[in-house]
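Novice: Note that UniProt numbering gives residue 117 to position 117 of the sequence shown, counting from 1, and the numbers run on in steps of one. Glycine included, every Cβ here is placed at the ideal spot set by N, Cα and C.
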Amino acid sequence: MSVQRFAVSPSGLAVAGAVGMATMGVMARYSGVDAAVITFYRLGLGALFVALLLALLPGAHWRRPHVLTLVSGALLAGFIVFYVRAMDHTTMANAVLTVYLAPPLAALAGHFIWHERLGRWQAACIGAALLGFATMMEFRVKLSAADLQGLGFAGLALLCYAAFMLLNRHNPDRIPPLQAVFWQLLVGALVMLWVAGPTALAVPVEALPWMLATGLLPGFLALTCTVLAMQRLPTAQFGTLAYSEPVAVILFGWLLFAEILSPLQVTGCLLIIAAGIVQARVSAASTPVEPLLADTEAGKNFAQ
1 MSVQRFAVSP SGLAVAGAVG MATMGVMARY SGVDAAVITF YRLGLGALFV ALLLALLPGA
61 HWRRPHVLTL VSGALLAGFI VFYVRAMDHT TMANAVLTVY LAPPLAALAG HFIWHERLGR
121 WQAACIGAAL LGFATMMEFR VKLSAADLQG LGFAGLALLC YAAFMLLNRH NPDRIPPLQA
181 VFWQLLVGAL VMLWVAGPTA LAVPVEALPW MLATGLLPGF LALTCTVLAM QRLPTAQFGT
241 LAYSEPVAVI LFGWLLFAEI LSPLQVTGCL LIIAAGIVQA RVSAASTPVE PLLADTEAGK
301 NFAQ
């Protein structure tokens, strides 16, 4: 009996990846371990899971990664390190608001450097997403000395994330998607190991299940979906759909930790969701839906 074919749209991959990434905060809060340590397990175990998947897929042939693929892995680690450092000096809202300027920055770079067409609707959706995100953060930006230092680290995280997005979109090597994810996770984990040091990576036994969950969900499944979406979507569309992540973070906080949303935050969430839906509908006609692990042949294409 043949396996029935199914397809996953690139937009669906982007949203699934963003929501999966948003679980990182939940894992960190429940595990109670240091941010650098949980990031190492997220990337390291994620690389292990990707390697296991590649070993199971038929017809997978390993290829040497392009240097840009390795650089993007270092950028991934840099984004996380600078983001964590930013939250050490300023509020989470300030850090996140700065970092999430990366998608529109990447969209503008794609427009001017790679001549990706940025239509009126796309520009309007990006603007609406930015407005929604600012509304969700209730327009609160504090600029004390500590905040300025934190925003400096957040700015570095912003640059790392924007460059990571663009390198995944414009990697000339065209390395197989899953192999690209593996090398990025592996390089990122090695960078985190160098930053945190091997002695800092021991965790209590009770935290090990959370480390495993972190490597599986945000480390493996979410990042795999994200990289696949980046390689299939225009930067502007992916940048808008990426705003599903902060919405999911706020919803998780509300549902799991009783963090109540104000009416202004709810308005911001609705703006972001609406912008993502409109962006996806506008681009749907020009974005093909590709089979993902539909059968043996699709599995070969995915791995190769």
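1) By the three-class DSSP mapping on this structure, what secondary structure does residue 8 have?
2) Decide yes or no for the touch test of the region 208 to 224 against the region 16 to 34: beta carbon pairs closer than 8 Å, at least 3 of them.
3) Which residue's Cα is closest to the Cα of residue 132: 32, 269 and 115?
4) Assign residue 89 to one of two classes, buried (16 or more other C-beta atoms within 10 Å of its C-beta) or exposed (fewer than that).
5) Could you have a look at residue 57 and say whether DSSP puts it in helix, strand or coil?
6) Within 10 Å of its beta-carbon, does residue 183 have 16 or more other beta-carbons around it, so buried, or fewer, so exposed?
7) Within 8 Å, do at least three Cβ pairs link the region 105 to 116 to the region 157 to 175?
8) Assign residue 30 to one of three DSSP states: helix, strand, or coil.
9) In terms of residue numbering, what span does the alpha helix (DSSP H) encompassing residue 156 cover?
10) Looking at residue 192 and residue 203, is the spacing between their C-beta atoms short of 7 Å?
11) Which residue marks the beginning of the alpha helix (DSSP H) containing residue 111, and which one marks its end?
12) Hey, could you find the ends of the alpha helix (DSSP H) residue 185 is sitting in?
13) Compute the Euclidean distance between the alpha carbons of residue 31 and residue 181, then round it to the nearest angstrom.
14) Please identify the residue among 274, 174 and 41 whose C-alpha is closest to the C-alpha of residue 208.
15) Measure the C-alpha to C-alpha separation of residue 276 and residue 78 and round it to an integer number of angstroms.
16) Nearest-angstrom Cα distance between residue 70 and residue 263?
17) Cα-Cα, which of 153, 134 and 67 is closest to residue 83?
18) How is residue 64 classed by DSSP in three states: helix, strand or coil?
19) Is residue 306 helix, strand or coil when you go by DSSP?
20) Could you say which of 227, 25 and 33 lies nearest to residue 201 if we only look at CA atoms?
21) With a cut-off of 8 Å on the beta carbons, I'd call residue 74 and residue 187 a contact; round off their distance for me.
22) Which residues mark the beginning and the end of the alpha helix (DSSP H) in which residue 127 is found?
23) Can you tell me which of the three DSSP states residue 51 falls into?
24) Quick check: the Cα distance between residue 173 and residue 166, rounded to an integer number of angstroms?
25) Note the first and the last residue of the continuous alpha helix (DSSP H) segment covering residue 219.
26) What separation, rounded to the nearest whole angstrom, lies between the Cα atoms of residue 139 and residue 247?
27) Determine the DSSP secondary structure at residue 74, reduced to helix, strand or coil.
28) How is the alpha helix (DSSP H) around residue 233 delimited, first residue to last?
Specialist: On the basis of the supplied data:
1) Within the sequence shown, numbered from 1, the residue matching residue 8 stands at position 8. Strand, per DSSP.
2) At 8 Å Cβ cutoff, the stretches touch.
3) Locating residue 132 in the sequence shown gives position 132, counting from the first residue. Measuring from the Cα of residue 132, the nearest candidate turns out to be 269.
4) Position 89 of the sequence shown, counting from 1, holds the residue named residue 89. By the C-beta density criterion, residue 89 is buried, having at least 16 other C-beta atoms within 10 angstroms.
5) Stepping through the sequence shown from its first residue, residue 57 is reached at position 57. Coil at residue 57, not helix or strand.
6) Sequence index remark: in the sequence shown, residue 183 carries index 183 (1-based). By the Cβ neighbour-count rule, residue 183 is buried, with 16 or more other Cβ atoms within 10 Å of its own.
7) Verdict: yes, contact present.
8) As a position in the sequence shown, residue 30 is number 30, starting the count at 1. Three-state DSSP puts residue 30 in a helix.
9) As a working mapping, residue 156 is identified with position 156 in the sequence shown. That run of the alpha helix (DSSP H) goes 145 to 169.
10) Reading the sequence shown from its first residue, position 203 is the one you call residue 203. Reading the sequence shown from its first residue, position 192 is the one you call residue 192. One thing to note: residue 203 has its Cβ no nearer than 7 Å to the Cβ of residue 192.
11) Locating residue 111 in the sequence shown gives position 111, where the first residue counts as 1. 102 to 113 is the extent of the alpha helix (DSSP H) around residue 111.
12) Numbered from 1 along the sequence shown, position 185 holds the residue referred to as residue 185. 177 to 196 is the extent of the alpha helix (DSSP H) around residue 185.
13) Here residue 31 corresponds to residue number 31 of the sequence shown, with the count starting at 1. Here residue 181 corresponds to residue number 181 of the sequence shown, with the count starting at 1. Cα to Cα, the separation comes out at about 25 Å.
14) As a position in the sequence shown, residue 208 is number 208, starting the count at 1. Restricting attention to 274, 174 and 41, the CA atom closest to the CA of residue 208 is found in 41.
15) In the sequence shown, counting from the first residue as 1, residue 276 sits at position 276. In the sequence shown, counting from the first residue as 1, residue 78 sits at position 78. Going by the C-alpha atoms only, they are around 27 Å apart.
16) To locate residue 70, count along the sequence shown from 1; it is residue 70. To locate residue 263, count along the sequence shown from 1; it is residue 263. Across the structure, residue 70 and residue 263 are spaced so that their CA atoms are roughly 43 Å apart.
17) To locate residue 83, count along the sequence shown from 1; it is residue 83. It is 153 whose Cα lies nearest to the Cα of residue 83.
18) For this step, residue 64 is matched to residue 64 along the sequence shown. Reduced to three states, the DSSP call for residue 64 is coil.
19) The structure shown does not extend to residue 306, since the chain is modelled only from 1 to 304, so the question has no answer here.
20) Locating residue 201 in the sequence shown gives position 201, where the first residue counts as 1. Among 227, 25 and 33, the Cα nearest to that of residue 201 is on 33.
21) For the purposes of this step, residue 74 is taken as residue 74 along the sequence shown, with counting starting at 1. For the purposes of this step, residue 187 is taken as residue 187 along the sequence shown, with counting starting at 1. Indeed, because the Cβ distance is near 6 Å, the residues count as touching under 8 Å.
22) For the purposes of this step, residue 127 is taken as the residue at position 127 of the sequence shown. Element bounds for residue 127: 120 to 136.
23) Residue 51 sits at position 51 when you count from the first residue of the sequence shown. DSSP places residue 51 in helix when its eight states are reduced to three.
24) If you number the sequence shown from 1, residue 173 lands on position 173. If you number the sequence shown from 1, residue 166 lands on position 166. In a straight line, the C-alpha of residue 173 is about 14 Å away from that of residue 166.
25) Indexing the sequence shown from 1 puts residue 219 at position 219. Residue 219 -> no alpha helix (DSSP H), and no H or E assigned at all.
26) Taking the sequence shown and counting its residues from 1, one reaches residue 139 at position 139. Taking the sequence shown and counting its residues from 1, one reaches residue 247 at position 247. Looking at the backbone, the Cα of residue 139 and that of residue 247 are separated by about 16 Å.
27) Position 74 of the sequence shown holds residue 74. Note: residue 74 maps to helix in three-state DSSP.
28) Position 233 of the sequence shown, counted from the start, is the residue given in the question as residue 233. Secondary structure note for residue 233: it is in no alpha helix (DSSP H), with a DSSP letter that is neither H nor E.
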